[in-house]
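Single-structure report; data block below.
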Amino acid sequence: MTDTALRKESPLTDASPSGVQPLTFAKALNAALADAMEADPSVVVFGEDVGPLGGVFRITDGLTARFGEERCFDTPLAESGIMGMAVGMAMNGMRPVVEMQFDAFAYPAFEQVVSHVAKMPNRTRGKVKLPLVIRIPYAGGIGGVEHHCDSSEAYYAHTPGLTVLTPATVRDAYLMLREAIRFPDPVVFLEPKKLYWSKETLDLEELRAAAAAAAGGGTGSGGTGSDTTGSAVGRAVVARSGTDATLITYGPSVPTALAAAAAAAEEGRSLEVIDVRSIVPFDDETVTASVRKTGRAVVIAEAPGFASVASEIVARVQERCFHSLAAPVRRVTGFDVPYPAPKLEHWYLPSVDRILDTVDELQWEDA
Amino acid sequence: MTIHSESSTGNQFSGSMKHAGADTGGSVENFMLPSAHPVQLVDPEGQHVHNDRYPLPDGPLLLSAYEKLVVGRRINEQANALVRQGRMAVYPSSHGQEACQVAAAVVLDPTDWLFPTYRDTVAVITRGVDPLEVLTLLRGDWHAGYDPRHHRTATQATPLATQLLHAVGVAHAAKLRGENTVVLALCGDGATSEGDFHEALNFAAVFHVPVVFLIQNNEYAISVPLKHQSVAPSLAHKAIGYGMPGERVDGNDLAAMLSVLSKAVERARDGGGPVLVEAHTYRMQAHTNADDPSRYRSQSDVDQWVPKDPITRLRTYLGNLQLLTEKEEQRIAAAAEEMAGVLREGLNSEPDIHPADLFEYVYTEKTSQLREQAAQLSEELLREEAGND
Chain A
34 MTDTALRKES PLTDASPSGV QPLTFAKALN AALADAMEAD PSVVVFGEDV
84 GPLGGVFRIT DGLTARFGEE RCFDTPLAES GIMGMAVGMA MNGMRPVVEM
134 QFDAFAYPAF EQVVSHVAKM PNRTRGKVKL PLVIRIPYAG GIGGVEHHCD
184 SSEAYYAHTP GLTVLTPATV RDAYLMLREA IRFPDPVVFL EPKKLYWSKE
234 TLDLEELRAA AAAAAGGGTG SGGTGSDTTG SAVGRAVVAR SGTDATLITY
284 GPSVPTALAA AAAAAEEGRS LEVIDVRSIV PFDDETVTAS VRKTGRAVVI
334 AEAPGFASVA SEIVARVQER CFHSLAAPVR RVTGFDVPYP APKLEHWYLP
384 SVDRILDTVD ELQWEDA
Chain B
40 MTIHSESSTG NQFSGSMKHA GADTGGSVEN FMLPSAHPVQ LVDPEGQHVH
90 NDRYPLPDGP LLLSAYEKLV VGRRINEQAN ALVRQGRMAV YPSSHGQEAC
140 QVAAAVVLDP TDWLFPTYRD TVAVITRGVD PLEVLTLLRG DWHAGYDPRH
190 HRTATQATPL ATQLLHAVGV AHAAKLRGEN TVVLALCGDG ATSEGDFHEA
240 LNFAAVFHVP VVFLIQNNEY AISVPLKHQS VAPSLAHKAI GYGMPGERVD
290 GNDLAAMLSV LSKAVERARD GGGPVLVEAH TYRMQAHTNA DDPSRYRSQS
340 DVDQWVPKDP ITRLRTYLGN LQLLTEKEEQ RIAAAAEEMA GVLREGLNSE
390 PDIHPADLFE YVYTEKTSQL REQAAQLSEE LLREEAGND
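Residue numbers (my numbering), protein chains in the order written: chain A, 34 to 400; chain B, 40 to 428.
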């Protein structure tokens, strides 16, 4: 199906991208792609409907017109083909940025991703690097029909060799995509669909300067927690400071967690919110420092909780912060069911209420 | 390598047309359809079979290819022996298929790319990659022992048909970069049932990239015979549906393999787009040493292929032409023994393996998680060493 019906409005702003102005998440991604293509002629964008249409979410809007159909082109409808061809193109000197139209549409490409994308540098003792980016619009909250709203991050996070990033802010959308494209290893770049229309007032020129500065700072997969290079790979950020408990989350759930923290503040409870950003590599340092400070933690993610990224984070926090914890680390996740039909999804998704209820259960002395 | 056509008229692989179909000026059907029977230039009795479309390669080329054929057979024999001696973990033999292996390597220029499967060790060695680096995979030290970019030879693929898409990607990148590169991608009959086979051929045709797909139809996908794999008139006929020419060739006839593949490579290099070639051959031995072929085929079936052996027929043909003298045979035998010696000597030494290598090459820069795990293993090793003192 084509999914224009899913879009409430064009996610792109009409204003020209210069000066301080409201910028959507989608436009930030679009600008990142265009700027990366401008900076590096080996960057090529391809996938289904990414050419003249500009992608079903318009993230690739205008790229074919600006850079030509050799740089941004439509492929036959075949995800394994897209992925496999990207492997070969990366082997031969290009930097492919491919779009898997929707999370669940990426599954036919799964063998290529896990057997080749993830393993090629290892198989060849680093002789063949695969600098490619797999962009996947993922997760729900947009009223999409089935197979359009999966949170598939655990599949990729479980596969050594893949770097898995997911931005939650407009600023990160731009900077993290630029970083992913210049990264030497393959990156699964998960774009929270429901954030495509979110806006921040930003100066695109300032973002470009920040990207250029970060480009001079190394690959940044060290996960040291310090942010000297501006790298997001392996680096979580404190999205909101707090003292009483830590909400650890990423991607589509970041705004929900921030809303929960704002609501909690009104009740006198100070919650810190960590935006993980880089699922692989994972920034233990930032997360651990926060939980040691607050003594309580809730991990929030849309995906079904069983055997999930949320489970992994809980395990890591328990291992590292056990003596600082005043209560067991809890999770607020999707239920262990297939992603529900649109009219049921609000029951499924982690909500502000569910987060606050869970925070209330963290064995408070005043309870 | 180039074999010049005797006549380009009606030759389905000649010309430099942008799109298939216009090539012959004839009907699309005539252009696309593979030969009614596999192309053969030297029959099992060692006699030349005339073919209007495919010239017989000249004597010196056939003689040099014959040497590679004999060496290839010796590689297969030696590798099997090394498995029995426990020096290699596994070896999927291409005994009987050496003509396909040699031709696939010989028709390419050094700047072209070869995409082999796990059974194509002889092709990779024939291409000039260090034999011991080639056998690293099957010995069990690492997944690939050579640098694919340096040798323009991909790692030997174990999943079926996935590498065909990589070949398309390399060719597409080459085209975008203006390189005069052809990619030859190998697969077996079983791989033609995989989705990636379809996607690769379709992508190659749609993007009109210089890829030659070579199917080595050796009649069995482990235990499953071809009739359970496909009921198409031939595997080469599948090309028609993708809009590319297909051709069938006697895979045990090195002369025919060289001629047909050369034309296909030449056509691809001239901008003619992809070609599908099906080589009819037979796997004379087990799938690997873990296989028991007596469960799915009789020895009499296998024996029927003995007279079609690629080495005997070429030896007879070259002998009749007095190109292959006894002295020349001795020289070739010595070259084959020298290769066997290299394999034995290399495989008999203990590989240098470091546990810390587990954490290498996963990412360009180790993640903090991998650094922790590497430190943990390092401590384990130190404790073990201390315990042994």
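Glycine included, every Cβ here is placed at the ideal spot set by N, Cα and C.
As the structure is a computational prediction, the values presented were derived from the model and not from experiment.
Taking the DSSP output, what are the residues bridged to Gly285/B?
Paired residues: Leu315/B.
Quick check on this structure: which residue in Tyr321/B, Glu419/B, Arg354/B has the alpha carbon closest to the alpha carbon of Gln338/B?
The residue with the shortest Cα to Cα distance from Gln338/B is Tyr321/B.
Secondary structure at Arg268/A, three-state DSSP: helix, strand or coil?
Residue state, collapsed to three classes: coil.
Using 8 Å as the limit for Cβ to Cβ distance, is Glu186/A near chain B?
Closer than 8 Å: no.
Under 8 Å from the C-beta of Thr192/B: neighbouring residues of chain A:
Those do not exist, as Thr192/B stays about 11 Å from chain A at its closest Cβ, beyond 8 Å.
Is there a C-beta anywhere in chain A that falls below 8 Å from the one on Thr201/B?
Closer than 8 Å: yes.
The beta strand (DSSP E) enclosing Ile388/A, as first and last residue numbers
It is not in any beta strand (DSSP E) - Ile388/A instead sits in the alpha helix (DSSP H) that spans 385-393.
Check whether chain B comes within 8 Å of Gly267/A, counting only Cβ atoms and requiring the distance to be less than that.
Under the 8 Å criterion on CB atoms, Gly267/A is classed as interfacial with respect to chain B.
What residues in its chain sit with their C-beta under 8 Å from that of Lys227/A, if we drop five residues either side in the sequence?
Contacts found: Ala172, Gly173, Gly174, Ile175, Pro285.
Out of Arg349/A, Leu377/A, Ser264/A, which one is the CA nearest neighbour of Ser311/A?
The shortest Cα separation from Ser311/A among Arg349/A, Leu377/A, Ser264/A belongs to Ser264/A.
In angstroms, rounded to a whole number, what distance separates the CA positions of Val324/A and Thr391/A?
When the Cα atoms are used, Val324/A and Thr391/A turn out to be separated by approximately 16 Å.
Count Cβ pairs between the stretch 140-150 of chain B and the stretch 175-189 of chain B that sit closer than 8 Å; are there 3 or more?
In short, these stretches do not touch, since the Cβ pair count stays below three.
At a CB-CB cut-off below 7 Å, which residues of chain B make contact with Val161/A?
When 7 Å is used as the limit between beta carbons, Val161/A is near these residues of chain B: Pro187, Arg188, in chain order.
Pro337/A and Phe368/A look like a contact to me (Cβ under 8 Å); what is the Cβ gap, rounded to whole Å?
Indeed, because the Cβ distance is near 7 Å, the residues count as touching under 8 Å.
Which bits of chain B does Phe191/A rub up against, with CB to CB less than 7 Å?
As written in the sequence, residue 191/A is His, which differs from the Phe given in the question. Within 7 Å of the CB of His191/A, no CB atom of chain B is found; the nearest one sits about 13 Å away.
For the alpha helix (DSSP H) that Ala172/A lies in, which residues bound it at each end?
Membership of Ala172/A in any alpha helix (DSSP H) is not indicated, and neither H nor E is assigned to it by DSSP.
Roughly how many angstroms lie between the CA atoms of Thr175/B and Ile114/B, to the nearest whole one?
Pairing Thr175/B with Ile114/B, the inter-Cα distance amounts to about 14 Å.
With a 10 Å radius around its C-beta and 16 neighbouring C-beta atoms as the bar for buried, classify Thr63/B as buried or exposed.
Bear in mind that the predicted position of Thr63/B carries a pLDDT of just 40, short of 50, making it too unreliable to give a figure here.
Chain A within 8 Å of Tyr400/B, Cβ atoms only
Judged by the 8 Å Cβ criterion, Tyr400/B is in contact with chain A.
If Ala69/A sits next to Ile281/A, beta carbons under 8 Å apart, how far is it from one beta carbon to the other, in whole angstroms?
The C-beta distance from Ala69/A to Ile281/A rounds to 30 Å, too long to fall under 8 Å, and the pair is not in contact.
What does Gln408/B touch in chain A if you count any residue whose Cβ is under 7 Å from its own?
In chain order: Pro314, Phe315.
Same chain, Cβ closer than 7 Å to Val110/B, five either side skipped, listed in chain order
So the qualifying residues of the chain are Ala374, Ala375, Met378.
State yes or no: is the beta carbon of Arg158/B nearer than 8 Å to at least one beta carbon in chain A?
Taking Cβ atoms only, chain A never reaches closer than 8 Å to Arg158/B, which makes this a no.
Please say whether Arg273/A and Glu305/A have beta carbons closer to each other than 8 Å?
Closer than 8 Å, so yes.
Tell whether a beta-carbon distance below 8 Å holds between Leu460/B and Val221/B.
The requested residue 460/B does not occur in the structure, where chain B is confined to residues 40 to 428.
So Ala200/B and Asp235/B are supposed to be a Cβ contact under 8 Å. How far apart are they, rounded?
Between Asp235/B and Ala200/B the Cβ distance is about 4 Å, and since that is below 8 Å, they are a contact.
Tell me whether Gln415/B sits in a helix, a strand or coil according to DSSP, three-state version.
Looking at Gln415/B - three-state DSSP - the assignment turns out to be helix.
His247/B burial status per 10 Å Cβ neighbour count (16 or more: buried)
His247/B comes out buried.
Cα-Cα, which of His181/A, Gly101/A, Phe339/A, Ala142/A is closest to Pro373/A?
That would be His181/A, whose Cα lies nearest to the Cα of Pro373/A.
DSSP-derived helix/strand/coil call for Ser303/A:
In the structure shown, Ser303/A sits in coil (DSSP, three-state: anything other than H, G, I, E or B).
At least 3 beta-carbon pairs within less than 8 Å: the stretch 131-140 of chain B vs the stretch 290-306 of chain B
With a cut-off of 8 Å, the stretch 290-306 of chain B and the stretch 131-140 of chain B count as touching, because enough Cβ pairs lie within range.
I want to see whether chain A comes within less than 8 Å of Val67/B, judged by CB atoms only; does it?
The predicted position of Val67/B is uncertain, since its pLDDT is 48 and thus under 50; a value taken from the coordinates is nonetheless stated next. It does not; no Cβ of chain A falls within 8 Å.
Cutoff 8 Å: Glu418/B Cβ touching any chain A Cβ
So no, Glu418/B is outside the interface.
Could you check whether Ala206/A and Ala61/A sit closer than 8 Å to each other, using their CB atoms as the reference points?
Between Ala61/A and Ala206/A, the CB-CB gap stays under 8 Å.
Gln54/A: contacting residues in chain B (beta-carbon distance under 8 Å):
Within chain B, no residue comes near Gln54/A; the closest Cβ sits about 35 Å away, beyond 8 Å.
At the level of alpha carbons, what is the spacing between Leu416/B and Ile392/B?
About 15 Å.
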